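Colleague: Going by the numbering used here, the sequence shown opens with residue 20, and the numbers climb by one from there. Here a beta-carbon is modelled for each residue, glycine too, at the ideal position from N, C-alpha and C. Note that the structure is a prediction, hence the values are computed from the model and not measured.
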Amino acid sequence: MFAPDLLDALRNARRVVALTGAGASAESGIPTFREALTGLWARFDPSRLATPAAFLADPALVWGWYRSRRQRVRLAQPNAGHVALAALERRFADFTLITQNVDDLHERAGSRAPVHLHGNILAACCFDCRRPHALADETGPCDDEPVPPPRCGHCGGPVRPDVVWFGEALPAAALAQAFAAAAACDLLFSIGTSGVVYPAAELAPLAARHGATVVHIDPQETGLDDLADFALRGRAGELLPALLAAAWPEQISG
Ligand code: OAD
20 MFAPDLLDAL RNARRVVALT GAGASAESGI PTFREALTGL WARFDPSRLA
70 TPAAFLADPA LVWGWYRSRR QRVRLAQPNA GHVALAALER RFADFTLITQ
120 NVDDLHERAG SRAPVHLHGN ILAACCFDCR RPHALADETG PCDDEPVPPP
170 RCGHCGGPVR PDVVWFGEAL PAAALAQAFA AAAACDLLFS IGTSGVVYPA
220 AELAPLAARH GATVVHIDPQ ETGLDDLADF ALRGRAGELL PALLAAAWPE
270 QISG
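1) Could you say which of R67, D27, L26, A226 lies nearest to L243 if we only look at CA atoms?
2) Starting from the C-beta of P177, find all residues in its chain whose C-beta is less than 6 Å away, skip the five residues before and the five after it, and write them out in chain order.
3) In the DSSP assignment, find the alpha helix (DSSP H) that holds D205 and state where it starts and stops.
4) When the Cα atoms are used, what is the spatial distance from T118 to I49?
5) Anyone know if the C-beta pair for D163 and G40 falls short of 8 Å?
6) For G142, which three-state DSSP category applies?
7) Taking the DSSP output, what are the residues bridged to P151?
8) If you follow the beta strand (DSSP E) that R179 is part of, which residue opens it and which one closes it?
9) Going by C-alpha to C-alpha distance, which of L56, A28, A142, F52 sits closest to P65?
10) Would the C-beta of V234 count as close to ligand 1, meaning under 7 Å from any of its heavy atoms?
11) Threshold first: 4 residues or longer. Then list the alpha helix (DSSP H) segments lying entirely within the region 190-261, N to C.
12) Check whether the region 129-141 touches the region 61-76, taking contact to mean three or more Cβ pairs, one atom from each stretch, closer than 8 Å.
13) Since A61 is in the alpha helix (DSSP H), which residue starts that stretch and which ends it?
14) Who are the Cβ neighbours of D181 in its own chain at under 6 Å, not counting the five residues just before and after it?
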């Protein structure tokens, strides 16, 4: 099922990077962004929900929408792809998991310290002073109903989700760690990302320019297929466990 060259590259790699996108969480029931019909940005307008200007224009709309998404993340469970990535990490002394996802499913599957490029949807902070804000217990339906955001206990500013919105800078430390790891790795997995959002989309080409083997996993054709040494067409939750089992048949992965 897998090319012998791919299995050799994986077994012989010393520095491994895995970059995940929304597709890695799709099998956990969290919608992706750009898939036709089901993607969040196919159903919702990001300019009304995922920019600082949108939040200032209608904080209740934005807070209510993110509140629903937080609920969905809390109800979701890691899938077999998350579990396989945690198992892969345990095989390599030098392994960096970089994710564009704002959920915590990698952590819950056992990954030690994923580098979150786009923030954490389960965290909140003040829009004005940026101090962290502890979220109260949230219950209720995932219905996207507008809900006014809480106010900051320090300055009274509106509380926002601690995620990166369009037009905002990525967290500098995470970005630096991701670029350093991609430039130094000898094998990079790109998993479930359409590869169109920068600067994350620069990581796979950077690794390729530095001579790394690039393995892309996605059920659909993406712009990364041409760049990848191995473009595996299928679901992360199926291909990743199968790849581990093929590379190390003597051990049960997981
Ligand atoms: P996209 O929605 O752009 O791409 C998701 C990719 O996952 C698509 O190519 C799907 O074909 C693929 N996919 C779907 N199911 C899969 C599965 N089971 N296994 C593997 N792949 C699967 O999502 P991202 O590339 O992650 O930004 O989007 C990047 C950024 O755009 C997000 O982080 C978000 C969004 O705006 C912020 O929140 C800042």
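Modeller: Quick look at the numbers:
1) A226
2) P78, F146, P168
3) Here D205 belongs to no alpha helix (DSSP H), and DSSP marks it neither H nor E.
4) 15 Å
5) no
6) The residue asked about is misnamed: residue 142 is Ala in this sequence, not Gly. Three-state DSSP puts A142 in a strand.
7) C144
8) 178-182
9) F52
10) no
11) 191-203, 222-228
12) no
13) 59-62
14) G138, N139, A142, A143, C144
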